[in-house]
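J.: One structure, as structure tokens, below. Some questions next.
Number of protein chains: 2
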Amino acid sequence: MYEFTAPFQQPAGSPIRELFKYLGEPGMISFAGGYPASDLFDVEGLDAAATRAYQAPAQCLQYGPTDGLPSLKAQLVQLMARRGVSCAPDEMLVTTGSQQGLDLILRVLVGPGDLVLTEQPAYPATLQALRLQQAKVVTIAVDRDGLDVAHLANLLASGEVSRPRLLYTVPTFANPTGATLTRERRIALLKLAVQYRFLIVEDDPYGDLRFSGEPIPSILALTSEVAGSRDWVVHFSSLSKIVAPGLRVGWTIAPAAITRRCVIAKQTVDLCSAPWTQAIAAEYLADGALERHVPTIVAAYREKNHALCRALRAALGECIEFHAPSGGMFVWARIQGLDAAALLARAIEQKVIFVPGNAFFADKADASSLRLSFAAPDVPAIEEGVRRLKRAYDAAVGTSV
Amino acid sequence: MYEFTAPFQQPAGSPIRELFKYLGEPGMISFAGGYPASDLFDVEGLDAAATRAYQAPAQCLQYGPTDGLPSLKAQLVQLMARRGVSCAPDEMLVTTGSQQGLDLILRVLVGPGDLVLTEQPAYPATLQALRLQQAKVVTIAVDRDGLDVAHLANLLASGEVSRPRLLYTVPTFANPTGATLTRERRIALLKLAVQYRFLIVEDDPYGDLRFSGEPIPSILALTSEVAGSRDWVVHFSSLSKIVAPGLRVGWTIAPAAITRRCVIAKQTVDLCSAPWTQAIAAEYLADGALERHVPTIVAAYREKNHALCRALRAALGECIEFHAPSGGMFVWARIQGLDAAALLARAIEQKVIFVPGNAFFADKADASSLRLSFAAPDVPAIEEGVRRLKRAYDAAVGTSV
């Protein structure tokens with residue numbers, strides 16, 4: 001047999017995907033997935049877009065440009081303009097979900113041993129990608145206002161952290177914490193990036209999914225307020241959470257020199273993302289369907305979030321601690337008196353699952369933390385799921401038979 | 001500005017993609033692309049498959065399993081059975097074109113400085129991928145019967161080549177040479193792989209496109225004839241050349257332990273290839289449309305290949321040397337008396353392009369070589385293109401005003 005060498009000698013699969021085996025069980029209620037709600041997909045609108053796209057079948061069926069179909073890029077440039085960002089086509093690369101953008105960026109910018117900063121808790125696939133590149137990872141804690149930028153400033157000023165290549169963050173409705181970085185912290189972070197010459201890698205799949213409070217511009221949009229900062233921001237976004245993941249349409253906006261290197265890497269990686277679904281996405285956006293449909297998703301997630309937070313407070317009261325998010329798909333919580341992994345074991349018996357927080361830490365994991373996604377289940381399922389969680393909690397702490 | 005470090009300090013883009021800028025020129029005839037003929041796509045059959053696939057919209061629109069939609073994998077297992085290969089689902093991974101299979105395999109198997117063998121001339125993206133992984137590359141020459149396996153055996157026996165991790169080859173209708181490895185050499189290569197414990201990475205996108213001669217089983221299919229060899233073969237295939245590249249559906253068949261590592265890497269790379277086009281591909285295959293349609297492509301390529309070879313002999317006679325291929329999309333030739341790059345400069349003036357052979361060499365390039373693809377142009381364009389090539393040749397060697 002083939003003998004593997006590092007880093008694949010002992011591969012660690014996604015701890016979240018490990019939970020997928022429970023999804024098929026009859027009656028299981030899942031707060032575990034990071035999937036958007038299937039019943040909120042704009043099935044008819046996408047069908048119509050697909051029909052229009054196939055009126056130019058060769059564009060759907062032939063290879064496309066590595067950086068993305070021009071028709072789609074033109075629509076995405078307009079979408080970014082509506083989000084307050086002006087960008088040129090040569091700064092933009094269409095990717096197979098924003099996930100591929102992160103992979104490409106890390107491949108062209110980060111070598112073994114390079115210092116990379118990431119918020120923590122963080123998206124597990126990011127942590128896995130950093131391991132794959134054998135980066136040296138330093139974590140920066142997140143509080144309810146997002147990344148602790150003041151702490152980062154101290155680390156940089158003291159020299160405790162020196163010459164990082166980049167910092168990864170999901171500043172708006174973060175996965176897993178649901179937290180949103182304040183405007184003040186965004187500006188401060190941009191100033192640090194300019195001063196210490198590191199890239200801010202802003203992952204923004206959820207930004208349109210705000211269901212309460214005032215919008216805050218993306219870090220990329222705020223570069224106009226900090227001189228020289230545009231050179232230091234890489235921005236990912238995606239249609240996965242606002243249209244459909246099955247399109248696998250994400251995009252990266254970066255300084256042209258970085259984008260060019262990503263395009264060259266992508267020639268080697270997969271030549272191009274599926275032109276057929278790119279063409280469908282272009283038609284969908286050109287029709288204005290996105291703007292018409294997003295409010296439907298936002299209204300549904302507002303209601304589901306409210307249901308989850310209300311039910312958690314009613315059922316678990318002081319035994320659980322969390323901040324209700326202003327958007328996105330996730331509630332991040334800490335459970336009192338036991339580990340989330342122990343709670344999960346009991347929860348599975350009760351036919352409800354969530355993701356224990358350990359999965360989101362590169363170091364110093366908070367074993368009491370857990371992530372609950374309200375996106376997929378409907379309100380009655382959310383309420384029943386929390387009742388089951390309560391029974392699981394009682395069983396785990398021994399206050400119930 | 002961000003300062004890049006190796007290996008992306010001086011990125012080398014694809015030399016073939018450099019030629020794309022000429023494709024848009026009015027009246028340009030291209031023998032340069034590796035694209036299949038757009039006018040041979042089964043537009044109606046794929047439209048019907050898309051309609052059937054969308055009857056289960058959530059499967060098209062939601063995230064799918066990282067290793068591929070089960071419905072597609074079931075069809076691909078059947079397709080491989082028709083090609084004489086028995087494989088289990090856990091040996092198979094669906095990828096974004098077979099290109100991604102190569103990228104994943106190299107990422108999980110090859111580290112900086114690892115010794116990798118490749119046929120030469122070779123597919124340029126493979127050479128670029130090996131550079132990206134910083135592999136140490138040793139090339140093995142190809143003759144009209146494919147890879148020179150006897151020479152490889154000598155290198156291994158003498159210790160001149162020691163402990164390679166893997167060998168990359170396109171054994172059937174190779175890109176760029178059009179050559180097909182003989183059955184005897186395939187068996188000999190499998191024995192070497194077992195003896196010296198290296199993986200044969202068999203890239204097989206063109207195998208179904210035979211227009212003359214007797215079929216030869218793939219290297220993977222022949223593992224049944226060499227004890228222990230199945231552990232040492234990784235096989236890529238794709239729908240890009242026999243259905244449509246725009247689906248971006250390729251697949252990898254490898255020992256389960258290797259496949260598992262590729263799946264984990266793919267979780268990080270892009271989570272999954274586009275489920276929507278996977279679902280369309282599954283419906284297309286389930287309908288038997290592939291078997292009905294491939295003969296149409298083969299008949300067209302037979303005629304185009306014949307037209308190109310006949311025209312080249314008639315126009316250039318002794319000034320060009322080539323072997324007519326038995327399938328695939330490419331004629332590999334050597335031009336007498338000048339470099340192919342010099343010919344290309346004159347050819348562009350005459351509004352015809354091809355790929356100079358240099359692009360396909362990692363070392364010791366044969367400057368007189370060139371690759372001509374007959375797949376995309378129709379027969380009249382092929383004949384006119386060769387007339388232009390003749391004028392370019394005459395201009396370049398100075399026998400014409």
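From first to last, the protein sequence lines are chains S and W.
The first sequence begins at 1 in the UniProt record's numbering and counts up by one.
The second sequence begins at 1 in the UniProt record's numbering and counts up by one.
Positions of the beta carbon are idealized from the N, C-alpha and C atoms, including for glycine.
How would you label W/V401, buried or exposed, when you count the other beta carbons within 10 angstroms and need 16 or more for buried?
T.: At W/V401, the pLDDT of 44 sits below 50, so the modelled position is not reliable and the matter cannot be decided from this model.
J.: Taking a Cβ distance cut-off of 9 Å, strictly less, list which residues of the stretch 51-63 of chain W are near chain S, in chain order.
T.: Residues passing the 9 Å Cβ filter: Y54, P57, A58, Q59, C60, L61, Q62, Y63.
J.: Only counting runs of 4 or more residues, tell me where the alpha helix (DSSP H) segments fall wholly within the stretch 119-151 of chain W, in order along the chain.
T.: With a minimum length of 4 residues, the continuous alpha helix (DSSP H) runs that stay inside the stretch 119-151 of chain W are 124-132.
J.: Can you check whether the C-beta of W/Q99 is within less than 7 Å of a C-beta belonging to chain S?
T.: Chain S contact via Cβ: present.
J.: Measuring straight from C-alpha to C-alpha, what distance separates W/A381 and W/L127?
T.: Distance between the alpha carbons of W/A381 and W/L127: 31 Å.
J.: DSSP puts S/M329 in a beta bridge; with which residues?
T.: DSSP, once it has assigned bridges, lists no residue as partnering S/M329.
J.: Does the beta carbon of S/A125 sit closer than 7 Å to a beta carbon anywhere in chain W?
T.: At least one chain W Cβ lies under 7 Å of S/A125.
J.: Report all residues from its chain with a CB closer than 6 Å to the CB of S/A256; omit the five preceding and five following residues, and keep chain order.
T.: The answer, listed in chain order, is D90, E91.
J.: Could you list which residues in chain S have their beta carbon closer than 8 Å to that of W/S273, in chain order?
T.: Under the 8 Å cutoff, chain S gives T96, R248, A274.
J.: State the CB to CB distance for the pair W/F211 and W/W232, rounded to an integer number of angstroms; the pair is presumed to be in contact (CB under 8 Å).
T.: Between W/W232 and W/F211 the Cβ distance is about 31 Å, and since that is not below 8 Å, they are no contact.
J.: For a cutoff of 7 Å on Cβ pairs, would you count W/P164 as touching chain S?
T.: No, W/P164 lies away from the interface with chain S (no Cβ there is under 7 Å from its Cβ).
J.: Are the Cβ atoms of W/L220 and W/V85 separated by less than 7 Å?
T.: Contact flag set, yes.
J.: Against W/A49, what residues of chain S qualify as contacts under a CB-to-CB distance less than 8 Å, listed in chain order?
T.: Here the premise fails: no neighbours, minimum Cβ distance about 11 Å.
J.: Quick check: the Cα distance between S/G328 and S/A274, rounded to an integer number of angstroms?
T.: Rounded to the nearest angstrom, the two C-alpha atoms are 27 Å apart.
J.: Using a Cβ-Cβ cut-off of 7 Å, state whether S/D270 counts as contacting chain W.
T.: It does: the Cβ of S/D270 has a partner Cβ on chain W nearer than 7 Å.
J.: Within the stretch 244-319 of chain S, note down every full alpha helix (DSSP H) run reaching 4 residues or more, in order along the chain.
T.: Listed in chain order, the complete alpha helix (DSSP H) runs (minimum 4 residues) inside the stretch 244-319 of chain S are 256-269, 275-286, 289-316.
J.: When the Cα atoms are used, what is the spatial distance from S/A359 to S/I16?
T.: Roughly 7 Å separates the two Cα atoms.
J.: Return no unless some Cβ of chain S is closer than 7 Å to the Cβ of residue 445 of chain W.
T.: Residue numbering for chain W in the displayed model covers 1 to 401; residue 445 of chain W lies beyond these limits and cannot be assessed.
J.: Express the C-alpha separation of W/L152 and W/P164 in angstroms, rounding to a whole number.
T.: Rounded to whole angstroms, W/P164 to W/L152 spans 11 Å at the Cα level.
J.: Within 7 Å (strictly less), CB to CB, does W/V226 reach chain S?
T.: No - not a single Cβ of chain S is within 7 Å of the one on W/V226.
J.: Closer than 7 Å between beta carbons: that is the criterion. Which residues of the stretch 22-44 of chain W meet it against chain S?
T.: Against chain S - using a Cβ distance shorter than 7 Å - the residues of the stretch 22-44 of chain W are Y35, S38, F41, V43.
J.: By the 10 Å Cβ neighbour count, where 16 or more other Cβ atoms means buried, how is W/P57 classified, buried or exposed?
T.: Burial call: buried.
J.: Excluding the 5 residues preceding and the 5 following W/I29 in the sequence, name in chain order all residues of the same chain whose CB lies nearer than 7 Å to its CB.
T.: Cβ within range, chain order: K351, V352, P377, A381, E384, G385, R388.
J.: What does S/L152 touch in chain W if you count any residue whose Cβ is under 7 Å from its own?
T.: Within chain W, no residue comes near S/L152; the closest Cβ sits about 19 Å away, beyond 7 Å.
J.: Pull the bridge partners of S/D203 from the DSSP assignment, please.
T.: Looking at the DSSP assignment, S/D203 forms a beta bridge with S/F236.
J.: Using the C-alpha atoms, what's the distance from W/L372 back to S/P356?
T.: Answer to the nearest angstrom: the Cα atoms are 57 Å apart.
J.: Rounding to the nearest angstrom, what Cα-Cα distance links W/F330 and W/D208 in this structure?
T.: C-alpha separation (whole angstroms): 14 Å.
J.: Skipping 5 residues on each side, what residues in its chain have a beta carbon closer than 7 Å to that of S/E18?
T.: Excluding sequence neighbours, S/E18 sits near nothing in its chain.
J.: Label W/Q100 either buried or exposed according to how many other C-beta atoms from any shown protein chain fall within 10 Å of its C-beta, with 16 as the threshold for buried.
T.: With 16 or more Cβ atoms within 10 Å of its Cβ, W/Q100 is classed as buried.
J.: Who are the Cβ neighbours of S/L271 in its own chain at under 8 Å, not counting the five residues just before and after it?
T.: Correct list, in chain order: Y63, T66.
J.: Against W/L132, what residues of chain S qualify as contacts under a CB-to-CB distance less than 8 Å, listed in chain order?
T.: Going along chain S in sequence order, the residues near W/L132 (Cβ under 8 Å) are R107, A265, T268.
J.: Measure from the alpha carbon of S/A367 to the alpha carbon of each residue in S/L343, S/I348, S/L23, S/M80, then state which is nearest.
T.: Of the listed residues, the one whose Cα sits closest to S/A367 is S/L343.
J.: Along the chain, where does the beta strand (DSSP E) containing S/S71 start, and where does it finish?
T.: Per DSSP, S/S71 belongs to no beta strand (DSSP E); it is in the alpha helix (DSSP H), 70-82.
J.: If you draw a straight line from the C-alpha of W/G111 to the C-alpha of S/P295, how long is it?
T.: Those two C-alpha atoms are separated by around 47 Å.
J.: Compare the beta carbon distance of W/A254 and W/V234 with 7 Å and say whether it is the shorter of the two.
T.: Going by C-beta atoms, W/A254 is nearer than 7 Å to W/V234.
J.: From the DSSP secondary-structure annotation, give me the bridge partner or partners of S/M92.
T.: Bridge partners of S/M92: S/I253.
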